[in-house]
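Visitor:
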Amino acid sequence: MSKQTNKSFRVLTTLAVATVASLSTAATQAQTERLAFSGGPDGGTFQYFSNGISTRLSRTLDGVEVSNMASAGSVENLRRVNSKDADFGIVYSGDMFLGLNGKLTNDTRKYRNAKAVSYLYGAPAHLIVLDGAGITEVSQLEGKNVAVGPAGSGAAASAQRFFESVGLWDKITPQYIGYNQGASALGDRQIDALWVFAGFPNASVIQAASSNDIRLLQVHEAASNGTLFQDHPYYAEVTIPAGTYPGVDYDVVTVQDSALWVAGRHLSEAQVADSLTQIYSEEGLTFMRSVSQAAASMNIDSGTMGIVTPLHDGAKVFWTGHGKTLTDQQQ
């Protein structure tokens, strides 16, 4: 073989190898299943969870890549998953319930394609007063100024639902201010009570407790005597343990809305069941707890807590396989 022929042969061989490698890479990419997870604003708890789950599934599910999407939050996630613009999302149980029944604010559409997968964590109600102010029960807030969160916020909406359910909404004066401003106003005696609807420990409640002697009212007791659970069945009981906040050396039994992992109905039973298997393994839960402190509440026992809408078929298989009895609402 001449030198020129040998050189040409080597070039052709190199090109052939490169072509095979390129085709192999293209085939691998074609086989990769790409899913999207809609989370929340940067720095928010939703985004930590969605990024964590996306990362874990991408590492552990063969041939699957899950990308994390920023989002405005719960309702946008519901809409994205319902319309297949996202495959997974995080949605409050309340928004799932209201969306399914066409009762979202200014939105009568019924969102039937988004299905619950699991409970992630809760956003409990804190109702804070100054210790020594003579207010020990919710009923004593009649005629008082109560900071409920900014106008149009989820906190303000939850406050209205709660106070309406106990017959006090028209008997208090709501102050539409944020948590930090509310904590300062409570210390300055400009308001009588502060409503905070967020995971614990909450920085604003710590702020209030560090500057003042505070009391957290027993919200669940008042709710049980009213109509909250009948009117809004997505609220669940939760306990804020003694010692969570400075000077609060007793358990506070309150109510919470639940942040849920949801999936589109278009995903297969196997896709969702396999995803749950990876996240709820011992290694998966350890990873999630390294991502966010709020993931401490994630376990098999709490997996279906706070869910009052139908589960995805894959989630039904997973949870019943782990001994959970599903409610009529979850079927």
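In short: position in the sequence shown from 1, add 762, done, that's the numbering used here. Positions of the beta carbon are idealized from the N, C-alpha and C atoms, including for glycine. Note that the coordinates shown come from a computational prediction; the quantities given were computed from them, not determined experimentally.
(1) Under 8 Å, do Val1015 and Ile953 count as touching if we go by C-beta distance?
(2) Identify the continuous beta strand (DSSP E) that holds Ile890 and give its terminal residues.
(3) Would you kindly work out how many angstroms separate the C-alpha atoms of Thr817 and Arg1051, rounded to a whole number?
(4) Would you kindly report the start and end of the unbroken beta strand (DSSP E) that includes Tyr854?
(5) Check whether the segment 987-1000 touches the segment 917-932, taking contact to mean three or more Cβ pairs, one atom from each stretch, closer than 8 Å.
(6) Please tell me whether Ser800 and Gly851 are closer than 8 Å, where the distance is taken between their beta carbons.
(7) Any idea which residues DSSP pairs Thr989 with across the strands?
(8) On a Cα-Cα basis, can you pick out the residue from His994, Tyr997, Gly1005, Gln992 that is closest to Ser762?
(9) Assuming Tyr883 and Ser1059 make a contact with CB atoms under 8 Å, what is their CB distance in whole Å?
(10) Do three or more CB pairs link the segment 832-844 to the segment 1064-1075 at distances below 8 Å?
(11) Could you tell me the distance, in whole angstroms, from the CA atom of Ile1062 to the CA atom of Val1079?
(12) Which residues bound the beta strand (DSSP E) around Ile1002?
(13) Can you pull the DSSP bridge partners for Tyr1081?
(14) Give the single residue among Asp804, Ser915, Phe811, Glu795 whose Cα lies nearest to the Cα of Ser1054.
(15) In terms of residue numbering, what span does the alpha helix (DSSP H) encompassing Thr817 cover?
(16) Quick check on DSSP: helix, strand or coil for Ser1052?
(17) According to DSSP, which residues form a beta bridge with Leu948?
(18) So what does DSSP say about Leu862, is it helix, strand or coil?
(19) Which residues bound the beta strand (DSSP E) around Ser800?
Guide: With the given structure in hand:
(1) Position 253 of the sequence shown, counting from 1, holds the residue named residue 1015. Position 191 of the sequence shown, counting from 1, holds the residue named residue 953. No.
(2) Residue mapping note: residue 890 aligns to position 128 of the sequence shown, counting from 1. Run containing Ile890: 876-892, per the beta strand (DSSP E) assignment.
(3) If you number the sequence shown from 1, residue 817 lands on position 55. If you number the sequence shown from 1, residue 1051 lands on position 289. Cα to Cα, Thr817 sits roughly 13 Å from Arg1051.
(4) Stepping through the sequence shown from its first residue, residue 854 is reached at position 92. That run of the beta strand (DSSP E) goes 850-854.
(5) yes
(6) One-based indexing of the sequence shown puts residue 800 at position 38. One-based indexing of the sequence shown puts residue 851 at position 89. Yes, the pair counts as a contact, with Cβ atoms nearer than the cut-off.
(7) Stepping through the sequence shown from its first residue, residue 989 is reached at position 227. Its beta-bridge partners do not exist; DSSP assigns none.
(8) Since the first residue shown for the chain is 763 and the last is 1093, residue 762 is missing from the structure and cannot be characterised.
(9) Against the sequence shown, residue 883 aligns to sequence position 121. Against the sequence shown, residue 1059 aligns to sequence position 297. Indeed they touch by this definition, with Cβ atoms about 5 Å apart.
(10) no
(11) For this step, residue 1062 is matched to residue 300 along the sequence shown. For this step, residue 1079 is matched to residue 317 along the sequence shown. Those two C-alpha atoms are separated by around 14 Å.
(12) If you number the sequence shown from 1, residue 1002 lands on position 240. 998-1002 is the extent of the beta strand (DSSP E) around Ile1002.
(13) Taking the first residue of the sequence shown as 1, we reach residue 1081 at position 319. The sequence as given places Trp at residue 1081; Tyr does not occur at that position. Per DSSP, none; premise fails for Trp1081.
(14) As a working note, residue 1054 is residue 292 in the sequence shown. Here the closest residue by C-alpha is Phe811.
(15) What you label residue 817 is simply residue 55 of the sequence shown in a count that begins at 1. Looking at the DSSP string, the run of the alpha helix (DSSP H) that includes Thr817 is 807-822.
(16) Along the sequence shown, read from residue 1 onward, the residue named residue 1052 stands at position 290. Helix, per DSSP.
(17) As a position in the sequence shown, residue 948 is number 186, starting the count at 1. Leu948 is not bridged to any residue.
(18) Stepping through the sequence shown from its first residue, residue 862 is reached at position 100. Residue state, collapsed to three classes: helix.
(19) Against the sequence shown, residue 800 aligns to sequence position 38. Start and end: 795-800.
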